[in-house]
Amino acid sequence: MDNRAVSPVVEKTLATTIVVLYIGAMTTLFVGGIVPDYRGATGQEIAERTHATVLAEIETTIPETEARTTAQTRLEVPATIRATGYDLVLDGGELRLEHPADSIGVRSRVWTPDDVTIADSRVDSGADLLIVLEGAGGDRTLTLREVDP
Amino acid sequence: MRAQTTLPSVAVALVLLTIPAVLGVVIADGSLVANERPAVERQTTVAVSDRLVSQTAPVTHRANVLDESKLRNLSVDRLRTKYGVPDDASIAVALGDETLVATDDVSDWPGPDDGSSVERIVHVANETERTIVPTLTDAHAVTLPRRTANGTIDLSPGPDGNVSTVRANGRVVLHDEDGLEGAHDVRLSRYETTTLTFDVEGDLAADPVSITFRPLETYRSRLVVTLDA
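If you read the protein sequences in the order shown, they are chains A and B. Start counting the first sequence at -8; every next residue gets the next number (our numbering). Start counting the second sequence at 965; every next residue gets the next number (our numbering).
Structure, rendered in structure tokens:
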């Protein structure tokens, strides 16, 4: 073998291999670790703000009097968080935002005046949601419903 | 060194590639941290503050007018049951710079990063009692200096005189054909200044009437609600 002619080949091969390995390592680092973390953090932030908006609208829907009431608020929520739909659930006096990803989820208690009961309900994020308060004075119910398209 | 002249340039190129990648991640991280907001905690604080000043709240006389004695008697338990403070949150309610009620772990907060804080300007009302003793010599009428929702009129007209009717702004509040005597509670209007007129026969004794009324004295202050979930 003529060693003098082989060494440029070896050198270029070495350089190519180093660059390919570098690209592979950086891609794995980003796609495997850094990017999903940031997507999760932004997703959680959006989920918290959506949850807070729904809580605020529930407060607005309940009027200050205790008489017979029929009140309804229509609210637009983001259709997806992190490209997946989610559910808003009223359950046992709690409002929960349930998302398929483990890192995204919000829950908090909903406080209502003594005469309002919170009906268990579940709403999909795809359509606008309705917050409905209805019932006779002293026995009113709060529900979440979807708007029929 | 004969066949390795491109390797240093490869190394330099890779270093130059890494620098913007790291910079990009640092900027993205900084931007995310700067825009983080404790949305649910903030909403809960606003909601508690709204409930404390609403017209149906036990501590208020009417919307944004708080009763001072009831405000000072607020306890953390009452805040949790009647005003919707979550069980696991720390809460502090202050009037101006004076803390009225707080959970135990608030010795040195609220700092700027601890919890969410909502301030609003409110009126704080005290019920006070004032008594005036008009002489009723000329006009048989007296105007109360402060508006009030109710009052007590104590009549002692003496043996020669007789007060048969008392009117508040033209509306009859007390009437007795045989003459009024003693203390009577009357309802007045809080929305207009009250002038009491008396229908008098004969000569009244000195100090025939004493009127006790309980106006609300109000002053403005800031109500600060701080909550840390």
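Using N, Cα and C, we set each Cβ at its ideal position, and we do this for glycine too.
- Going by DSSP, residue 1006 (chain B) is part of the alpha helix (DSSP H) stretching over 1003 to 1017.
- Within chain B, no residue has its CB atom less than 9 Å from the CB of residue 90 (chain A), the nearest being about 15 Å off.
- By the criterion of at least three beta-carbon pairs nearer than 8 Å, the segment 1166 to 1177 of chain B is not in contact with the segment 1027 to 1046 of chain B.
- DSSP places residue 1184 (chain B) in no alpha helix (DSSP H) but in the uninterrupted beta strand (DSSP E) bounded by 1180 to 1192.
- By the neighbour-count criterion, in which a residue is buried when 16 or more other Cβ atoms sit within 10 angstroms of its Cβ, residue 14 (chain A) is exposed.
- Residues of chain A with a Cβ closer than 9 Å to the Cβ of residue 1043 (chain B) do not exist; the shortest Cβ-Cβ separation is about 11 Å.
- The residues 1121, 1126, 1127, 1128, in chain order, have a CB closer than 7 Å to that of residue 1143 (chain B) in the same chain once the five nearest residues on each side in sequence are set aside.
- Distance check between residue 1182 (chain B) and each of B:1098, B:1086, B:1099, B:1133 places B:1086 closest, using alpha-carbon atoms only.
- Restricted to the segment 1051 to 1137 of chain B, the beta strand (DSSP E) segments that are unbroken, complete and at least 3 residues in length are 1054 to 1059, 1062 to 1066, 1080 to 1091, 1094 to 1096, 1105 to 1107, 1114 to 1119, 1125 to 1132, listed in chain order.
- Taking 7 Å as the upper bound on Cβ-Cβ separation, chain A lies near residues 1048, 1050 of the segment 1041 to 1066 of chain B.
- Per DSSP, reduced to three states, the secondary structure at residue 76 (chain A) is coil, with no helix or strand assignment.
- The residue among B:1047, B:1004, B:1009, B:985 with its C-alpha nearest the C-alpha of residue 25 (chain A) is B:985.
- Around the beta-carbon of residue 1013 (chain B), 16 or more other beta-carbon atoms lie within 10 Å, marking it buried.
- For the beta strand (DSSP E) assignment, the uninterrupted runs of no fewer than 3 residues enclosed by the segment 68 to 124 of chain A are, from N- to C-terminal side, 78 to 82, 85 to 89, 96 to 100, 107 to 109, 112 to 115.
- For chain B, none of the residues of the segment 115 to 139 of chain A brings a beta carbon within less than 7 Å of one of its beta carbons.
- In this structure the segment 112 to 127 of chain A lies against the segment 54 to 68 of chain A, because at least three pairs of beta carbons, one per stretch, are closer than 8 Å.
- Taking 8 Å as the CB threshold, residue 1016 (chain B) stays off the interface with chain A.
- Any Cβ of chain A closer than 8 Å to the Cβ of residue 1119 (chain B) would place that residue at the interface, and such an atom is absent.
- Within chain A, 55, 56, 57, 104 have C-beta atoms less than 9 Å from the C-beta of residue 1020 (chain B), given in sequence order.
- Between the segment 1103 to 1116 of chain B and the segment 1147 to 1160 of chain B there are three or more inter-stretch CB-CB distances shorter than 8 Å, so the stretches are counted as touching.
- Segment contact: the segment 91 to 102 of chain A against the segment 111 to 118 of chain A, fewer than three CB-CB distances shorter than 8 Å; contact not assigned.
- With a threshold of 8 Å between beta carbons, residue 1011 (chain B) makes contact with chain A.
- Contact note: residue 30 (chain A) does not reach chain B at a C-beta cutoff of 7 Å; the least C-beta distance is about 11 Å.
- At a cut-off of 8 Å, the C-beta of residue 109 (chain A) has no neighbouring C-beta in chain B.
- Per DSSP, the continuous alpha helix (DSSP H) segment holding residue 975 (chain B) begins and ends at 970 to 998.
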